[in-house]
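Accompanying notes for the structure given below.
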Amino acid sequence: MRQPLRWPWLNFDVDDVVASAIAVGVDVTETKAEVPAHWHRKGQLVFALGGGVTCRVPGGLWMVPPHCGVWVPSRMEHSNIATANARIFFVYIEPGVAALPEQCCTLSISPLLRELIIELSECAPDDARCDFLGKVLLAELPLMPVQQLHLPISAEPRLRRIAEALADDPADRSTLADWANRVALSESSLARLVVKETGLSFGRWRQQLHLIVALRELSAGASVQQVSGDLGYESVTAFITMFKKALGKPPAKYLSDIAQNGGSAFVA
Numbered sequence: 001m002r003q004p005l006r007w008p009w010l011n012f013d014v015d016d017v018v019a020s021a022i023a024v025g026v027d028v029t030e031t032k033a034e035v036p037a038h039w040h041r042k043g044q045l046v047f048a049l050g051g052g053v054t055c056r057v058p059g060g061l062w063m064v065p066p067h068c069g070v071w072v073p074s075r076m077e078h079s080n081i082a083t084a085n086a087r088i089f090f091v092y093i094e095p096g097v098a099a100l101p102e103q104c105c106t107l108s109i110s111p112l113l114r115e116l117i118i119e120l121s122e123c124a125p126d127d128a129r130c131d132f133l134g135k136v137l138l139a140e141l142p143l144m145p146v147q148q149l150h151l152p153i154s155a156e157p158r159l160r161r162i163a164e165a166l167a168d169d170p171a172d173r174s175t176l177a178d179w180a181n182r183v184a185l186s187e188s189s190l191a192r193l194v195v196k197e198t199g200l201s202f203g204r205w206r207q208q209l210h211l212i213v214a215l216r217e218l219s220a221g222a223s224v225q226q227v228s229g230d231l232g233y234e235s236v237t238a239f240i241t242m243f244k245k246a247l248g249k250p251p252a253k254y255l256s257d258i259a260q261n262g263g264s265a266f267v268a
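All the letters of the sequence shown, read from the start, carry residue numbers 1 to 268 under UniProt numbering.
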């Protein structure tokens with residue numbers, strides 16, 4: 001079934017559907033769209049066939065590039081932000097019917113699984129074909145490798161303030177000392193706080209945000225030159241160098257391999 005990008009769906013409640021797995025397809029219009037924070041009893045896989053989606057959960061941001069999916073466990077609050085012209089599928093799965101992670105994560109999507117999701121979205125939940133497709137999907141999904149495309153976000157108020165500011169303006173090149181001054185901490189205290197709360201240095205944390213934004217925008221069709229400028233890099237070469245060092249491949253090669261291999265590109 002196909003729906004506009006919103007929650008709840010207009011004509012049914014996924015938690016009332018007894019099928020072990022159902023899928024909903026969404027075609028986003030020309031402008032960016034966002035589903036506000038919500039939760040449901042079923043777990044949810046967010047899969048992007050085209051364009052990009054970012055999922056917000058209490059502990060971080062999760063990137064959904066084409067041919068990958070983000071797994072959101074049962075009852076976890078989340079919101080979804082889609083780029084313009086994205087083609088998205090939401091797969092809702094009953095708790096306990098498959099050996100899926102208990103935490104939010106980004107999963108590769110194999111060509112077989114991709115086709116299963118598309119077919120599942122085109123049949124009614126009470127159709128016998130839906131039941132068969134759902135069983136095959138639930139056997140395949142737990143086998144998918146995990147991709148490390150997320151930004152840890154702490155509930156600590158000062159770090160959340162910084163994260164939200166950087167998400168709104170990723171080109172902001174303020175130094176650690178600048179941020180420390182803004183949140184009334186010493187530079188060393190802020191550095192220790194970032195490592196304690198996220199497991200990353202400040203520079204690596206901001207770089208991870210840049211990677212998420214870059215993949216989202218590149219997936220939506222933006223050029224490397226445009227993304228490099230939007231992220232505040234002095235040159236395209238500097239941006240490509242950062243991207244290759246972090247993900248093992250330059251942007252064009254990374255996205256090409258994801259498309260060809262069903263999401264199995266290497267992530268450092």
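From the three backbone atoms N, C-alpha and C, an ideal C-beta is built for every residue, glycine too.
Please read all numbers here as calculations on a predicted model, not as lab measurements.
Buried versus exposed, by CB contacts within 10 Å (16 or more), residue i
{"i": "Pro95", "result": "exposed"}
{"i": "residue 282", "result": "As shown, the chain starts at 1 and ends at 268. That puts residue 282 outside it, with no answer to give."}
{"i": "Phe243", "result": "buried"}
{"i": "Ser20", "result": "buried"}
{"i": "His150", "result": "buried"}
{"i": "His38", "result": "exposed"}
{"i": "Thr83", "result": "buried"}
{"i": "Pro157", "result": "exposed"}
Three-way DSSP call (helix, strand, coil) for residue i in this model
{"i": "Asn85", "result": "coil"}
{"i": "Asp178", "result": "helix"}
{"i": "Val26", "result": "strand"}
{"i": "Arg41", "result": "coil"}
{"i": "Arg160", "result": "helix"}
{"i": "Gly229", "result": "helix"}
{"i": "Ser256", "result": "helix"}
{"i": "Met242", "result": "helix"}
{"i": "Ser188", "result": "helix"}
{"i": "Glu34", "result": "strand"}
Contacts around residue i, its chain only, beta-carbon distance under 7 Å, and the 5 residues preceding and following it disregarded
{"i": "Ser154", "result": "Arg160, Glu197 and Thr198"}
{"i": "Asp131", "result": "Ala19"}
Cα-Cα separation between residue i and residue j, rounded to whole angstroms
{"i": "Ala167", "j": "Leu209", "result": "7 Å"}
{"i": "Ile212", "j": "Asp178", "result": "23 Å"}
{"i": "Asp169", "j": "Ile93", "result": "35 Å"}
{"i": "Asp172", "j": "Val46", "result": "29 Å"}
{"i": "Ala98", "j": "Glu34", "result": "29 Å"}
{"i": "Gly248", "j": "Gln147", "result": "13 Å"}
Within the region 84 to 158, ranges of the alpha helix (DSSP H) (whole runs, at least 4 residues): 111 to 121 and 128 to 140
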